[in-house]
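Undergrad: Before I ask anything, here is the structure I am working with.
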Ligand SMILES: *Cc1c(COP(=O)(O)O)cnc(C)c1O
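In my numbering, the protein residues as written are 40 to 505.
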């Protein structure tokens, strides 16, 4: 017998009540019940559950590796309920209520960023949302290049290739932020139409200085796209550094922005969002579909989106989550982000006091931290990161690895030969502390990391290096 699970019981009961309420709206129709699941389906579900054991425990605070966590229970329940109708937010024919909820949910996101007006919609992912942003950039400036930092999400290069737009990579400084001298040099030597400012790089959570990029914009005239897929929600946090705060405060002057509710917005995949500050860019989306738009003269989300079918359930889940946890400074949702940042800073401090590790020049900007085991060569440090990563897993501590330039660490902390090779990469240990519970678990995480590190270093030198 399985253990009783009061949370699951409550979840299923509340979902059942809401589902019954939804179903009651259609009881005037002649009955047409959905097929029952039956024994065969139960056996298959059981097999699927068994197979899903082959996952790391993303839901648990000891999972502190990649940007992964389950959706909030209200998002899960709202999604499941809406999925029984399976509305399609492409057009009002396919989902009137869920389209209205999408407009409201996207409005709440735009308000959070301080945008008085916008054109925007949900997408299947941050990648697709960035594709739309750069597609509009290309429509406005068909021959001019896209520029993004060497720490920007790798998909920007690829998206530029798909769109046939030239791409220019801008060097980052030693804290992972776009280097503005390098940007200005590129603006003088290339025809750059759009600069992508990353607010929260995926690897280390660095925040490009959007406020100062805007100053360069006055001189060089380019579009600015803010890729805040990971970090966007941190605009609500009150414990950011002054530099990061200044960048987030500049968001109202960006031309477009991407944020991923399926990262920090407590949503199931796929839920990204694209916002344009000037609603007039909607003209680029104009198309004639012979079958979609017959029943309403109102704006359809499909008329302002590159994707066609999209899950209405995503919009319902996001809308419901926002109602429970509104985007207000100091509110429960915002405090969750602040807790993650505090957890990352606390663990960073613990590791900085540990002579076995090297810590980067900058403490965490958001809730992502990284560090590297000390060794005589970069190759040895990299091998030890991998070994500690493996050893930590054996202790049920789930970290991540990231390959980063050695120049992200203070040059004086490396052995003599390394500063001159600062652009070479080193494999680092990395942790995304994106659950509020990480604040109370960071000491336990440090304990398990300590044990894993001790086990690795107990192996005679050289044995664990390639
Ligand atoms: C995650 C991420 C993306 C890609 O978003 P997906 O939702 O994974 O497609 C783009 N940019 C940044 C900064 C990201 O963190």
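All residues carry an ideal CB built from backbone N, CA and C; glycine is no exception. Just so we're clear, the structure is a prediction, and the values are computed from it rather than from any experiment.
Let me check one thing: in DSSP terms, what residues is residue 179 bridge-paired to?
TA: Walking along the chain shown from the start, residue 179 turns up at place 140. According to DSSP, residue 179 bridges with nothing at all.
Undergrad: Please find out if some non-hydrogen atom of ligand 1 comes closer than 8 Å to the beta-carbon of residue 102.
TA: On the chain shown, position 63 is the one that residue 102 refers to. No, Cβ of residue 102 sits at least 8 Å from all heavy atoms of ligand 1.
Undergrad: From the DSSP output, read off the bridge partner residues of residue 310.
TA: As a working mapping, residue 310 is identified with position 271 in the chain shown. Paired residues: none, contrary to the question.
Undergrad: How many angstroms separate the CA atom of residue 493 from the CA atom of residue 486?
TA: Taking the first residue of the chain shown as 1, we reach residue 493 at position 454. Taking the first residue of the chain shown as 1, we reach residue 486 at position 447. Cα to Cα, the separation comes out at about 11 Å.
Undergrad: What number of angstroms, rounded off, separates the C-alpha of residue 354 from the C-alpha of residue 491?
TA: As a position in the chain shown, residue 354 is number 315, starting the count at 1. As a position in the chain shown, residue 491 is number 452, starting the count at 1. Each residue's Cα considered, the two are about 42 Å apart.
Undergrad: Indicate the three-state DSSP secondary structure (helix, strand or coil) for residue 102 in the structure shown.
TA: As a working note, residue 102 is residue 63 in the chain shown. It is a strand residue.
Undergrad: Judging by CA-CA distance, which residue of 166, 221 and 180 is the nearest neighbour of residue 188?
TA: Mapped onto the chain shown, residue 188 falls at position 149. The candidate whose alpha carbon is nearest that of residue 188 is 221.
Undergrad: Pairs of beta-carbons, one from the region 131–149 and one from the region 160–179, closer than 8 Å: are there three or more?
TA: Yes: the two stretches touch, three or more of their Cβ pairs being nearer than 8 Å.
Undergrad: Excluding the five sequence neighbours on either side, which residues of its own chain have a C-beta within less than 8 Å of the C-beta of residue 283, listed in chain order?
TA: Along the chain shown, read from residue 1 onward, the residue named residue 283 stands at position 244. Hits under 8 Å: 246, 273, 404 and 405.
Undergrad: Do you know offhand how far residue 393's Cα is from residue 45's?
TA: Stepping through the chain shown from its first residue, residue 393 is reached at position 354. Stepping through the chain shown from its first residue, residue 45 is reached at position 6. Taking the straight line from one Cα to the other gives about 41 Å.
Undergrad: Please identify the residue among 148, 417 and 199 whose C-alpha is closest to the C-alpha of residue 298.
TA: By one-based count along the chain shown, residue 298 stands at place 259. Answer by Cα proximity: 148.
Undergrad: Among 257, 199, 156 and 204, whose alpha-carbon lies nearest the alpha-carbon of residue 321?
TA: The sequence position of residue 321 within the chain shown is 282, counting from 1. Nearest of 257, 199, 156 and 204 to residue 321, Cα basis: 156.
Undergrad: Counting only the same chain and skipping the five closest in sequence on each side, list residues whose C-beta sits under 6 Å from that of residue 475.
TA: If you number the chain shown from 1, residue 475 lands on position 436. Contacts found: 375 and 378.
Undergrad: Which residues does DSSP list as the beta-bridge partners of residue 315?
TA: What you label residue 315 is simply residue 276 of the chain shown in a count that begins at 1. Per DSSP, 158 and 295.
Undergrad: Mind the definition here: the region 254–269 touches the region 289–305 only if three or more C-beta pairs lie below 8 Å; say whether that holds.
TA: Yes, the region 254–269 touches the region 289–305.
Undergrad: Identify which residue in 111, 179 and 68 has its Cα closest to the Cα of residue 372.
TA: Numbered from its first residue, the chain shown carries residue 372 at position 333. Taking only the C-alpha atoms, the option nearest residue 372 is 111.
Undergrad: In the DSSP assignment, find the alpha helix (DSSP H) that holds residue 358 and state where it starts and stops.
TA: In the chain shown, the residue the question calls residue 358 occupies position 319. First-last of the alpha helix (DSSP H) with residue 358: 351–363.
Undergrad: Kindly indicate the opening and closing residues of the beta strand (DSSP E) around residue 237.
TA: For the purposes of this step, residue 237 is taken as the residue at position 198 of the chain shown. It spans 231–237 - the beta strand (DSSP E) in which residue 237 sits, taken as one unbroken run.
Undergrad: Please list, in chain order, all residues of the same chain as residue 58 whose beta carbon is under 7 Å from its beta carbon, the five residues on each side excluded.
TA: Sequence index remark: in the chain shown, residue 58 carries index 19 (1-based). The residues are 120 and 123.
Undergrad: Quick one: Cα of residue 125 to Cα of residue 117, how far?
TA: Mapped onto the chain shown, residue 125 falls at position 86. Mapped onto the chain shown, residue 117 falls at position 78. Going from the Cα of residue 125 to the Cα of residue 117 covers about 12 Å.
Undergrad: Roughly how many angstroms lie between the CA atoms of residue 432 and residue 93, to the nearest whole one?
TA: If you number the chain shown from 1, residue 432 lands on position 393. If you number the chain shown from 1, residue 93 lands on position 54. Cα to Cα, the separation comes out at about 14 Å.
Undergrad: Below 8 Å on the Cβ atoms is my contact criterion, and I expect residue 169 with residue 129 to pass it. Report the Cβ-Cβ distance as a whole number of Å.
TA: Position 130 of the chain shown, counted from the first residue, corresponds to residue 169. Position 90 of the chain shown, counted from the first residue, corresponds to residue 129. Between residue 129 and residue 169 the Cβ distance is about 20 Å, and since that is not below 8 Å, they are no contact.
Undergrad: Evaluate residue 192 with the Cβ neighbour count: other Cβ atoms within 10 Å of its Cβ, from every protein chain shown; 16 or more gives buried, anything less gives exposed.
TA: The sequence position of residue 192 within the chain shown is 153, counting from 1. Residue 192 is buried by the Cβ-count criterion.
Undergrad: List, from N- to C-terminal side, the beta strand (DSSP E) runs of 3 residues or more that fit wholly inside the region 416–485.
TA: For the region 416–485, whole beta strand (DSSP E) runs of length 3 or above, ordered along the chain, are 439–444 and 464–471.
Undergrad: Exposed or buried, which one is residue 229 when buried takes at least 16 other CB atoms within 10 Å?
TA: The sequence position of residue 229 within the chain shown is 190, counting from 1. Exposed, by the Cβ-count rule.
Undergrad: Taking the Cβ atom as the reference point for each residue, do residue 171 and residue 280 lie within a distance shorter than 9 Å?
TA: Looking up residue 171 in the chain shown gives position 132. Looking up residue 280 in the chain shown gives position 241. Against a cut-off of 9 Å, the Cβ pair of residue 280 and residue 171 comes out as no contact.
Undergrad: Looking at C-alpha atoms only, which residue of 395, 364, 106 and 152 is the closest neighbour of residue 495?
TA: In the chain shown, residue 495 corresponds to position 456, counting from 1. The candidate whose alpha carbon is nearest that of residue 495 is 395.
Undergrad: Between the beta-carbon of residue 356 and the beta-carbon of residue 318, is there less than 9 Å?
TA: Counting from one through the chain shown, the residue named residue 356 turns up at place 317. Counting from one through the chain shown, the residue named residue 318 turns up at place 279. The answer is no: Cβ separation not under 9 Å.
Undergrad: Does the contact criterion of 3 or more C-beta pairs under 8 Å hold for the region 58–75 versus the region 441–451?
TA: Contact fails: fewer than three Cβ-Cβ distances are below 8 Å.
Undergrad: When every heavy atom of ligand 1 is checked, does at least one fall within less than 8 Å of the C-beta of residue 165?
TA: Counting from 1 along the chain shown, the entry for residue 165 is found at position 126. Checking every heavy atom of ligand 1 against the Cβ of residue 165, one is found closer than 8 Å.
Undergrad: Classify residue 152 as helix, strand or coil using the three-state DSSP reduction.
TA: Here residue 152 is taken as the residue at index 113 of the chain shown, counted from 1. Looking at residue 152 - three-state DSSP - the assignment turns out to be coil, as it is neither helix nor strand.
Undergrad: Is residue 64 buried or exposed, if buried means 16 or more other CB atoms sit within 10 Å of its CB?
TA: As a working mapping, residue 64 is identified with position 25 in the chain shown. So residue 64 ends up on the exposed side.
Undergrad: Under the DSSP definition of a beta bridge, which residues are partnered with residue 208?
TA: The sequence position of residue 208 within the chain shown is 169, counting from 1. DSSP lists 187 as partners of residue 208.
Undergrad: Would you say the beta carbon of residue 473 comes nearer than 8 Å to a heavy atom of ligand 1?
TA: In the chain shown, the residue the question calls residue 473 occupies position 434. Incorrect: residue 473 has no Cβ contact closer than 8 Å to ligand 1.
Undergrad: Using the three-state DSSP reduction, which class does residue 262 fall into: helix, strand or coil?
TA: To locate residue 262, count along the chain shown from 1; it is residue 223. Of the three classes helix, strand and coil, the one that applies to residue 262 here is strand, per DSSP.
Undergrad: Taking the alpha-carbon positions, what's the residue 447 to residue 167 distance?
TA: By one-based count along the chain shown, residue 447 stands at place 408. By one-based count along the chain shown, residue 167 stands at place 128. Taking the straight line from one Cα to the other gives about 30 Å.
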